[in-house]
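Here's the structure we're looking at; comments come further down.
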Amino acid sequence: MVLIESAYLTVKCRSEKSAEEFLHAFTASSHVLSLFKSLFGGVRKETVRIEIKDKLDILYEKVAKHLDMWKVKRKGKTIIEVYDNEGQLHQQYEYLYGKTKLDYAAWYVFQLNTIFLNMEVLTEAVLAHELSHAIVGTYLGFKLPRRPAEVLARNVDKHLYSKLREYREWG
Numbered sequence: 002m003v004l005i006e007s008a009y010l011t012v013k014c015r016s017e018k019s020a021e022e023f024l025h026a027f028t029a030s031s032h033v034l035s036l037f038k039s040l041f042g043g044v045r046k047e048t049v050r051i052e053i054k055d056k057l058d059i060l061y062e063k064v065a066k067h068l069d070m071w072k073v074k075r076k077g078k079t080i081i082e083v084y085d086n087e088g089q090l091h092q093q094y095e096y097l098y099g100k101t102k103l104d105y106a107a108w109y110v111f112q113l114n115t116i117f118l119n120m121e122v123l124t125e126a127v128l129a130h131e132l133s134h135a136i137v138g139t140y141l142g143f144k145l146p147r148r149p150a151e152v153l154a155r156n157v158d159k160h161l162y163s164k165l166r167e168y169r170e171w172g
């Protein structure tokens, strides 16, 4: 298990390889890693960790500021548990809920202040969506009902990632 601590988050990856793949999920950082690899023949473990920490803190701050929920007294860091594939994520869901049907690639559990993610479908937008659930829950101090929570999370999707979607659709 690899733990990566940022100012606001604790990321739990299954291995160093998972940590590097987690970083690759963020488009801009992939270019940084490619440059490091081409110049130096590889990437040191500490370089990957620093890059993840910085990227996560920037993303967290961007989402919190958009929601106007920046000034919040946090009761500890939000945990992000990263699973290498859909099978591992399904196993965790079954462990937590006793159900085998899983319709999500990621989800947030207020009581655990934890985001559960499938590495195979991870993007910056997916993580921002889940972070919005964590930020809202932490800010309010209680879990919102599902629909209002999704309205706020989708607002983050719409406003922070609409230009990115438009670019991809035209590109």
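All residue numbers for the sequence shown refer to our numbering, where the first residue is 2 and numbers rise by one.
We put the CB at the ideal spot given by N, CA and C, even for glycine.
Please read these numbers as outputs of a predicted model, since none were measured by experiment.
Measure the alpha-carbon distance for residue i versus residue j and round it to whole angstroms.
| i | j | result |
| --- | --- | --- |
| Glu131 | Glu121 | 16 Å |
| Leu97 | Glu22 | 25 Å |
| Ile5 | Leu118 | 15 Å |
| Lys13 | Ile116 | 10 Å |
| Asp55 | Ala20 | 14 Å |
| Ile80 | Gln92 | 18 Å |
| Tyr61 | Trp71 | 9 Å |
| Tyr109 | Tyr162 | 20 Å |
Can you name, in chain order, every residue of its own chain whose Cβ lies under 7 Å from the Cβ of residue i, other than the five neighbours on each side?
| i | result |
| --- | --- |
| Leu153 | Leu68, Ser133, Val137 |
| Asp58 | Ser7, Ala8, Tyr9 |
| Ala106 | Asn119, Val122, Val127 |
| Ala150 | His134, Val137 |
| Thr124 | Ala26 |
Using the rule of at least 16 other Cβ atoms within 10 Å of the residue's Cβ for burial, across every protein chain shown, is residue i buried or exposed?
| i | result |
| --- | --- |
| Glu82 | buried |
Kindly indicate which residue of the options has the alpha-carbon position closest to the one of residue i.
| i | options | result |
| --- | --- | --- |
| Lys78 | Ala150, Arg155, Tyr140 | Tyr140 |
| Tyr84 | Ser16, Pro149, Met70 | Ser16 |
| Asp104 | Thr11, Leu90, Glu125, Ala26 | Leu90 |
| Leu113 | Lys76, Gln92, Ala65, Val157 | Lys76 |
Please work out which residues of its chain come closer than 8 Å, Cβ to Cβ, to residue i, disregarding the five sequence neighbours upstream and downstream, and give them in chain order.
| i | result |
| --- | --- |
| Asn86 | Asn119, Met120, Glu121 |
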